[in-house]
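J.: The listed protein sequences derive, respectively, from chains A and B. According to the working numbering, the stretch in the first sequence is residues 67 to 425, in order. According to the working numbering, the stretch in the second sequence is residues 67 to 425, in order.
There are 2 protein chains.
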Amino acid sequence: MAQKVKLSTIAEALGLSTATVSLALRDSPLVADTTRERIKEKAIELGYIYNRRAASLRTSRSGIIGVVVHDIMNPFYAEILKAIETELDRSRQTFILSNHYDSVEKQRNFIETLLQLGGDGVIMSPAIGTPASDIRLAEDNGMPAILIARSVPEIDVPTFRGDDAYGTALATNHLISLGHTCIAMIGGTDHTSTGRDRYAGYAAALTKAGITVDPALRIPGPRTKQSGFEAAVNFLANPLKPTAAVCWNDLVAIGLMNGIARAGLVPGKDISVTGYDDLEEAAIATPALTTVWNGQSEVGRFAARALLDKLNGSSEADGLHLIKPEMRIRQSTSPLNPGAGRQGAGQSQAGDSETGARS
Amino acid sequence: MAQKVKLSTIAEALGLSTATVSLALRDSPLVADTTRERIKEKAIELGYIYNRRAASLRTSRSGIIGVVVHDIMNPFYAEILKAIETELDRSRQTFILSNHYDSVEKQRNFIETLLQLGGDGVIMSPAIGTPASDIRLAEDNGMPAILIARSVPEIDVPTFRGDDAYGTALATNHLISLGHTCIAMIGGTDHTSTGRDRYAGYAAALTKAGITVDPALRIPGPRTKQSGFEAAVNFLANPLKPTAAVCWNDLVAIGLMNGIARAGLVPGKDISVTGYDDLEEAAIATPALTTVWNGQSEVGRFAARALLDKLNGSSEADGLHLIKPEMRIRQSTSPLNPGAGRQGAGQSQAGDSETGARS
DNA sequence: TGCTCCGATTCAAACGTTTAAACAAAACTA
DNA sequence: TAGTTTTGTTTAAACGTTTGAATCGGAGCA
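Put into structure tokens, the structure is as follows:
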């Protein structure tokens, strides 16, 4: 690496001042066309690289936007991220991605790092238990925040997520309309607003149909395939003999279906299963998964736009914005056929259960 | 946001110079213990935020490391990324992530952005067709590069990847040892070194076993579940009636198994399928997937370490480092049973399929 | 001729750190 | 006592941009 090429290198080579060079490279109308041309050519010739930290020190705009979610390798977030990426790319912002794995501390670290780097804004799916003060830390230091997928109490920044209660009610109603009356709910926790909303939607739908809500039919757990797979054992062993399951998300649902298949039952026939999110994967699962589209791409797009707007001075989007989910009916749900499958399940399940996979 | 708190704010509040404050906050032994204490307290009290761009302007070390891969939502990369993250976190580096989707241009943009931000180094899985000049661009500007998963011709920077030829040979031999002789290879392209190596390993294993390599048994395609799913049709329609498939990766394999199941055949019994990578998902697929562990976590860890070493002045790791893959045998492969499956497959589907997985 | 005005360019002061070198005062040394 | 160290702190010059204000050489006008 010869010697670092900077504005002054170009300026000297051309007998101009750095000011002119700076202006020219940014296409300012203040500099003569011919000069601009000469400068730009020279810049390329010398392999000039714009130093953004020097610039941002002066301008206090870094072009950096932070995005932090629970886990970027979770396809649910991945779809949101893709939408955000597309939207931000277009306005030439660099984005820094991070997982917080629901650790409030890791999340705060990220916010601090971002502040140190002079981040222009942050989009976050807040970790469980995020205190309002962490959001304010960002906002108070001039870094606007946008929330996705979850809300934080007492915080009024723009927030985008699916209408969870509505969505699970949709799924539950679908199963009820197929004749199911003993419906379990699998996966997720009650520690997040999402968790409470989803359970509420499920419970409300049952109640409305005159079915008693039985807490024994709730099997909470992580939101992973693995967890769904493992939940199959409990599900099948449940003395109430549920014939259908509303799952927290597609991953859990696919895991559950795998578990059910392992136990010798046919998911979609013997047991009806609904997912949530409508990941790409849902359509090619076997059987293809009936699920609830949760508008990830919309969430991502809206969030990115809201942030960009905010950076340009508007604050119209403050507060909560719910995306209305939609039902995607496929083959993993079918009408209740009394007598089929469900009792044969008892024995085939016991034998296989302990050989189950780990990872 | 009141007024930006900087070193001088603290200095003034305490009647000291910014130099002392700067030193104190970085725990320099040059400043008296009591002073250091006072300074640190004040910093917290005032909500001081360290300005990294100002600092890095002076020190030319930004603490930023870039990582660019084909697609971060691809679980193969996700596992590598996780390993990198763990390793970098420990040395308090911030990392910026990006997809290039195999667009050389997008990749170059990323490198340029990173240079502008003063990135300390970059870890990349180069896009197909990456010219040596793009790597040199980084290196020549003082930003060392590390390559993962793929090599770039003429480039000698530290490169970490699995031994692909060896790995596919492993899988192919496994199938041969089970009695299969008509073995297809599904997914991937020949435009990457990885692609060529994998095909070579497959071909070599066949040849060594005295089986003729038939190009008609090669079904290239993207490296996704979707693509594997779609390939099932071609695979089953192939007039050579292959009884086994070596798949490019686990995603393709799982997609293919879904496709085979859709067609009424039982993957793992009627058709043997091997994957590649040993993703978490492989163990809980139905049937549990026989696959080749490709050492993603090692690749990530080694790559991160190599970069950190390089930043500290050592350059021992230059050149190619191959990780030796290992076989993971599960239920998606079974001995060839002549006559069974391939034609009479239609009915056998629902019954027994599998007992538990192990891994 | 003297004036203003204009377009093109330059000056110089920021932006918030770090760090070599200088300094001052206190603590030893001879 | 004066000289030397040691300890703690300050000075001031960077780092590479941006930008309001200043400069300069004409052109246009009266």
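C-beta: ideal position from N, C-alpha, C; glycine also. No experiment lies behind these values; they were computed from the predicted model shown.
Anything in the segment 359–377 of chain A with a Cβ closer than 9 Å to a Cβ of chain B? List those residues in chain order, please.
T.: Of all residues in the segment 359–377 of chain A, none has a Cβ within less than 9 Å of some Cβ in chain B.
J.: For residue 195/B, count neighbouring Cβ atoms within 10 angstroms of its own Cβ and tell me buried if that reaches 16, exposed if not.
T.: exposed
J.: Are the C-beta of residue 347/A and some C-beta of chain B separated by less than 8 Å?
T.: By this cut-off, residue 347/A is an interface position.
J.: Report the residues of the segment 113–124 of chain B with a CB closer than 7 Å to any CB of chain A, ordered along the chain.
T.: 115, 116, 117, 118, 119, 120, 122 and 123
J.: Three-state secondary structure (DSSP) at residue 340/A?
T.: strand
J.: Tell me which residues share the same chain as residue 172/B and place their Cβ nearer than 6 Å to its Cβ, disregarding the 5 neighbours each side in the sequence.
T.: 166
J.: Tell me, please, whether the segment 340–347 of chain B touches the segment 141–160 of chain B by the rule of three or more beta-carbon pairs shorter than 8 Å.
T.: yes
J.: Per DSSP, what kind of secondary structure is residue 261/A in: helix, strand or coil?
T.: helix
J.: Using CA atoms only, rank isn't needed, just tell me which of 91/B, 185/B, 191/B and 234/B is closest to residue 108/B.
T.: 91/B
J.: Under a Cβ-count criterion, where at least 16 other Cβ atoms within 10 Å of its own Cβ denotes burial, should residue 378/A be classed as buried or exposed?
T.: exposed
J.: Could one say the Cβ of residue 207/A lies closer than 8 Å to chain B's Cβ atoms, at least one of them?
T.: yes
J.: I'd like to know if residue 291/B contacts chain A, where contact means its C-beta is closer than 8 Å to some C-beta of that chain.
T.: yes
J.: Chain B partners of residue 90/A, CB-CB under 7 Å?
T.: Neighbours of residue 90/A on chain B: none; closest Cβ ~18 Å, over 7 Å.
J.: So which residues on chain B does residue 184/A lean against when the C-beta distance must stay under 8 Å?
T.: 117, 118 and 119
J.: For chain B, find out if any of its Cβ atoms is closer than 8 Å to the Cβ of residue 352/A; answer yes or no.
T.: yes
J.: Determine, using beta-carbon pairs with one atom in the segment 182–199 of chain A and one in the segment 125–134 of chain A, whether at least three such pairs fall under 8 Å.
T.: yes
J.: On the three-state DSSP scale, how would you describe residue 382/A?
T.: coil
J.: For the segment 131–144 of chain A, which residues have a beta carbon sitting closer than 7 Å to at least one beta carbon of chain B?
T.: 138, 139, 141 and 144
J.: Contact between the segment 351–365 of chain B and the segment 330–343 of chain B is defined here as three or more beta-carbon pairs at a separation below 8 Å; is this criterion met?
T.: yes
J.: Buried or exposed: where does residue 103/B fall if 16 or more other Cβ atoms within 10 Å of its Cβ makes it buried?
T.: exposed
J.: In terms of DSSP beta bridges, what is residue 83/B paired with?
T.: Note: residue 83/B sits in no beta bridge, so no partner.
J.: Can you check whether the C-beta of residue 324/B is within less than 8 Å of a C-beta belonging to chain A?
T.: yes
J.: Can you find a CB in chain B that lies within less than 8 Å of the CB of residue 301/A?
T.: For residue 301/A, the closest Cβ of chain B is not nearer than 8 Å.
J.: Rounded to whole angstroms, what's the CA-CA distance from residue 157/B to residue 364/B? Just pull it up for me.
T.: Separation of residue 157/B and residue 364/B (C-alpha to C-alpha, rounded to the nearest whole angstrom) is 18 Å.
J.: Determine whether the Cβ of residue 163/A lies closer than 8 Å to any Cβ atom of chain B.
T.: yes
J.: Suppose the cutoff is 6 Å on Cβ atoms and the five residues either side in sequence are ignored; what does the same chain contact list for residue 410/B look like?
T.: Its pLDDT being 37, under 50, residue 410/B is placed unreliably by the model, and the measurement read from it follows with that caveat. So the list is empty, once near-sequence residues are dropped.
J.: Measuring CB to CB, does residue 297/A end up less than 8 Å from residue 252/A?
T.: yes
J.: CA-CA distance, residue 397/B and residue 240/A?
T.: 35 Å
J.: Between residue 201/A and residue 366/A, is the Cβ-Cβ spacing less than 8 Å?
T.: Not a contact, by the Cβ cut-off of 8 Å.
J.: Looking only at its own chain, which residues have a Cβ that is under 8 Å from the Cβ of residue 181/B, when we skip the five neighbours before and after it?
T.: Same-chain partners within the cutoff: 203, 204, 207 and 209.
J.: Cβ atoms of residue 146/B and residue 214/B: under 8 Å apart, would you say?
T.: yes
J.: DSSP state of residue 333/A, grouped into three classes?
T.: Note: residue 333/A maps to strand in three-state DSSP.
J.: What is the DSSP secondary structure of residue 300/B, reduced to helix, strand or coil?
T.: The DSSP-derived three-state label of residue 300/B is helix.
J.: To the nearest angstrom, how far is the alpha carbon of residue 300/B from that of residue 244/B?
T.: So the two alpha carbons sit approximately 23 Å from each other.
J.: Report the neighbours of residue 128/A on chain B: residues whose CB is nearer than 8 Å to its CB, in chain order.
T.: 119
J.: Cα separation between residue 305/B and residue 374/A?
T.: 56 Å
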